[in-house]
Each structure stands twice: as C-alpha cells, then as structure tokens.
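Engineer: Sharing a structure, written as structure tokens. Questions coming.
Numbering (my numbering), first residue to last: 145 to 340.
What follows is the structure in structure tokens.
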C-alpha cells in the first residue's frame, strides 16, 4: 500500500494548454518517459477536447436551430414534473367546473332577484311621482286662489283708500256748497229786492 502511494506521489502532474495543444510537465526533469500507453491516453484526451471545442463552435454558429440533444435523467425528471403539474391543473379545472356551474346558477338567481327588486322600486317611484304631480297641481291651484284673494284684498284696500278720499272730499264739500248757496241766495234776494 505504501508503495502505491509512493508511486502516486512520484507520478508527474500533467496540465493541458488548450491554445497550443501541447502537454507540459511539472517534473523537475521536464521530460516524459517513452511510454506508448501514456501517449495514446493523452492523444485520446486531446482528441476529445478538440471534438468538444468543435461542438461548441458549431452550437455557437447555429442560430435559431433546434439541437438534437440526447435526453438525460434531468430532462426526463423535468418532463415528468411538468406532466404532473399539467395533470394537476387539468384535474383542478375539471373539479372547478362544478363550482363554476353552481356559481353561475347562484349569480343568475341573484341577478333575477335584483331585477325584480328594481322593478318593484321603479313602480314605487312611479307611484310617488304621480302623487307628487297631483300634489303639485293642487298646490298650484291653491296658489292661484291665494293670488286672487290677495289681488281682491289689494283692490279692497285701494277702494277703502278711495272711499276715505271721497269721504274727505264729501266732508269738505258742504261748507263750500253752503257758502255758495248762501251767496247765491243773497244775490237772488238782492235781485228780488231790486225787482220789487
């Protein structure tokens, strides 16, 4: 076991320089032993790296084209998960159809009740409008009657004022009539005397 560990420690570490495709060693000598197996392994690794680089460049060159990628376990798991979610969604929609039908029936019933309530309220509003119009006609008639009474009272007031003025004139007239009558009588008596 210790020999294997010692050999693993002594084995040279290999770094790949992808730009120049050459192998560089970290051994102090800086040289490889002439082992054909190692050279073949390194060549296989370099060939795989070149193939992966060519695939990457071809993927970058393809624009808008679908790539035929092999399915792996992750994509299969994602597809199964999406199918599970879709099945749940379809089941939820199918179950909610019953709820939708009951909601539709309840909504229709509420709308019919609301329409009936509005129709009764409209009838009540029409009746109130008729009562208001009747009362308005009565009030206008009463107002016209009151206006006639007011005009009659004003006319009476004017007549009373005219009567007061006429009375004052009448009370003022007898004095002037008596004086004129007396003067006319005196003149008549004078005339009579003269004639005699």
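Backbone N, C-alpha and C define an ideal beta-carbon position, used for all residues, glycine too. This one's a predicted model, so the numbers in the text were calculated from it and none came from an experiment.
DSSP three-state label for residue 295, please.
Structural biologist: Here residue 295 corresponds to residue number 151 of the chain shown, with the count starting at 1. Helix.
Engineer: Output the distance between the C-alpha atoms of residue 227 and residue 241, rounded to the nearest integer angstrom.
Structural biologist: For the purposes of this step, residue 227 is taken as residue 83 along the chain shown, with counting starting at 1. For the purposes of this step, residue 241 is taken as residue 97 along the chain shown, with counting starting at 1. Residue 227 and residue 241: Cα-Cα distance of roughly 21 angstroms.
Engineer: Please state whether DSSP places residue 216 in a helix, a strand or coil.
Structural biologist: Against the chain shown, residue 216 aligns to sequence position 72. Reduced to three states, the DSSP call for residue 216 is coil.
Engineer: Please go through the same chain and pick out, in chain order, the residues whose beta-carbon is closer than 8 angstroms to the beta-carbon of residue 249, but skip the five residues on each side of it.
Structural biologist: For this step, residue 249 is matched to residue 105 along the chain shown. Correct list: empty, nothing qualifies.
Engineer: Distance check for residue 298 and residue 308, CA to CA, integer angstroms please.
Structural biologist: As a first step, residue 308 is located in the chain shown; it is residue number 164 there, counting from the start. As a first step, residue 298 is located in the chain shown; it is residue number 154 there, counting from the start. Taking the straight line from one Cα to the other gives about 15 angstroms.
Engineer: Rounded to whole angstroms, what's the CA-CA distance from residue 256 to residue 264? Just pull it up for me.
Structural biologist: If you number the chain shown from 1, residue 256 lands on position 112. If you number the chain shown from 1, residue 264 lands on position 120. Their Cα atoms are separated by approximately 12 angstroms.
Engineer: Measure the alpha-carbon distance for residue 99 versus residue 231 and round it to whole angstroms.
Structural biologist: One cannot answer for residue 99 here, as it falls past the ends of the chain, which runs 145 to 340.
Engineer: On the CB-based measure, 16 or more other CB atoms within 10 Å of its CB, does residue 318 come out buried or exposed?
Structural biologist: Counted from its first residue, the chain shown places residue 318 at position 174. Any answer about residue 318 is weak, because its pLDDT of 49 lies below 50 and its placement is not dependable; what the coordinates show is given next. Burial call: exposed.
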